[in-house]
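Participant:
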Amino acid sequence: MKKALLMLLAAATVGAGVTPFQAEAATKKKAVSAKAQRVMVHIPARHRARVHAARRVVSLDDAKHLALQSSAALVLDQATGAVLFEKNPSAVLPIASITKLMTAMVVLDAKPSLTETLAIGEEDVDVLKGTRSRLKVGTQLEREEMLRLALMSSENRAASALSRHYPGGREAFVAAMNRKAQALGLVDTRFLDPTGLTAANVSSPRDLAKMVDAAHQYPLIREYSTTSEGEFSIAGRPQHFHNTNTLVKNPTWEIGLSKTGYINEAGKCLVMQAWLNNKPTIIVLLDSWGKMTRIGDANRIKRWVESASLARPSAG
């Protein structure tokens, strides 16, 4: 800070106009403004005034008291990119079904017909982990329904079928997932399959915050990932499916995007975009153990953020 002040004073003394420090600060300010404007496009109109009105100040001392069970975590102000809390943010870990956010983006980027009927095949059966599914081989659903089930109920066979029906098949689909990751600047992220059943699908909290922000730009991903439940016709019979994140139907939460994940190697994982303290916030929780620990961590973050001091600019 002192160095910066000295640079500014020196510039004023010699009449140098704009210093490199000033230029860098201006560039950062423009980048934050552009980021905020891009996010605001996807913020419901009823909330936009809240974003402009609220200015959150979070004390780093307060963060020391935020004891999370997840081994890696990140809490980010989506509108400004400011990090509110981080715990092992660069740790590269298996992400399990968080993978399906990238799967959904790649599917939608191809602009396929959402009403085309896809079928579950033998190739979609999980032989790696042996997970079960109510989508029996031969089940036919529209692509839109497969996408909804993959995001809402984390249906592995639905995600697998979506990748098989991509131009060039599953191999081309996974290659597109990795290209998309590179395009988004996800330096710690690698994909080997579209479901997340393999521990080779890895990322870091910092990368996943970017991925959540990117996925949040897709209206269908926002809608499907936060749908609390739905009825689908499976083999001619109605079947009810629920969201794997119970918080989406909790009235105290306002969630704009959600995805859970779990395999033994990854532990319990959860990513969300939610409104906390009148601000759009991204939450990333990785490698949490215990049935409810990721939900407990999310609630701890919510209480912490909402109890943080608020400061509004004084007039004049």
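Position in the sequence shown (from 1) plus 641 gives the number in the working numbering. By construction, the Cβ of each residue, glycine as well, lies at the ideal position given by its N, Cα and C atoms. From a predicted model like this one, the values you see are computed outputs, not experimental measurements.
1) Determine the DSSP secondary structure at Trp-945, reduced to helix, strand or coil.
2) Can you give me the C-alpha to C-alpha distance between Asp-928 and Arg-944, rounded to a whole angstrom?
3) Sort Trp-916, Asn-905, His-881 and Ile-904 by Cα distance to Leu-898 and report the nearest one.
4) Excluding the five sequence neighbours on either side, which residues of its own chain have a C-beta within less than 6 Å of the C-beta of His-883, listed in chain order?
5) Determine the direct distance from the alpha carbon of Arg-798 to that of Leu-782, and round the result to whole angstroms.
6) Grab me the residues of Ile-761's own chain with a C-beta within less than 6 Å of its C-beta, minus the 5 sequence neighbours each way, in chain order.
7) Check for me: the alpha helix (DSSP H) holding Thr-839 runs from which residue to which?
8) With a threshold of 8 Å, are at least 3 pairs of Cβ atoms found where one atom belongs to the segment 811-818 and the other to the segment 830-850?
9) Return yes when the Cβ of Met-852 is within less than 9 Å of the Cβ of Met-933, no when it is not.
10) Who are Ala-714's beta bridge partners in DSSP?
11) Cα separation between Glu-906 and Gln-719?
12) Would you say Leu-788 and Leu-861 are within 9 Å of each other, going by their C-beta atoms?
13) Below 9 Å between beta carbons: does that hold for Thr-839 and Leu-769?
14) What does DSSP give as the partner residue(s) for His-881 in the beta ladder?
15) Taking all protein chains shown into account, do 16 or more other C-beta atoms lie within 10 angstroms of the C-beta of Glu-947, making it buried, or fewer, making it exposed?
16) Can you have a look at Gln-914 and say buried or exposed, based on whether 16 or more other CB atoms are within 10 angstroms of its CB?
17) With distances taken Cα to Cα, identify the nearest neighbour of Asn-919 among Thr-893, Lys-909 and Gly-937.
18) In angstroms with no decimal places, state the Cα-to-Cα distance between Met-793 and Ala-732.
19) How would you label Thr-901, buried or exposed, when you count the other beta carbons within 10 angstroms and need 16 or more for buried?
20) Using the rule of at least 16 other Cβ atoms within 10 Å of the residue's Cβ for burial, across every protein chain shown, is Lys-728 buried or exposed?
21) In angstroms with no decimal places, state the Cα-to-Cα distance between Glu-895 and Thr-868.
22) Have a look at Lys-890 and Gln-858 and give me their C-alpha separation to the nearest angstrom.
23) From the DSSP output, which residues share a beta bridge with Trp-916?
24) What did DSSP end up calling Ile-761 once you bin it into helix, strand or coil?
25) Start and end of the alpha helix (DSSP H) containing Lys-851?
26) Per the DSSP calculation, Gln-823 is bridged to which residue(s)?
27) Candidates Glu-757, Ala-737 and Gly-810: which alpha carbon is nearest Glu-764's?
28) Could you give the first and the last residue of the continuous beta strand (DSSP E) run that contains Ser-804?
29) Check whether the Cβ atoms of Val-843 and Pro-730 sit closer than 9 Å, and answer yes or no.
30) What do you get for Arg-687, buried or exposed, if any count of 16 or more other CB atoms within 10 angstroms of its CB means buried?
31) Between which two residues does the beta strand (DSSP E) holding Lys-900 run?
32) So Leu-715 and Pro-846 are supposed to be a Cβ contact under 8 Å. How far apart are they, rounded?
33) Run the CB neighbour count on Arg-878, radius 10 Å, all protein chains shown included, and call it buried at 16 or more, exposed below.
34) Where do the ends of the alpha helix (DSSP H) carrying Leu-617 lie?
Facilitator: The relevant details are as follows:
1) helix
2) 21 Å
3) Trp-916
4) Glu-870
5) 12 Å
6) Leu-776, Val-778, Thr-780, Arg-798 and Ala-802
7) First-last for Thr-839: undefined, no H or E at that position.
8) yes
9) no
10) Lys-728 and Leu-926
11) 29 Å
12) yes
13) yes
14) Glu-872
15) exposed
16) buried
17) Thr-893
18) 27 Å
19) buried
20) buried
21) 12 Å
22) 22 Å
23) Pro-921
24) coil
25) 846-856
26) According to DSSP, which records beta bridges pairwise, Gln-823 is partnered with nothing at all.
27) Gly-810
28) From DSSP, Ser-804 is part of no beta strand (DSSP E) but of the alpha helix (DSSP H) over 797-805.
29) no
30) Interpretation of Arg-687 is limited by its pLDDT of 47, a score under 50 that renders its predicted location unreliable; no figure is taken from the coordinates.
31) 896-904
32) 4 Å
33) exposed
34) Nothing can be reported for residue 617, as the shown portion of the chain is limited to 642 through 957.
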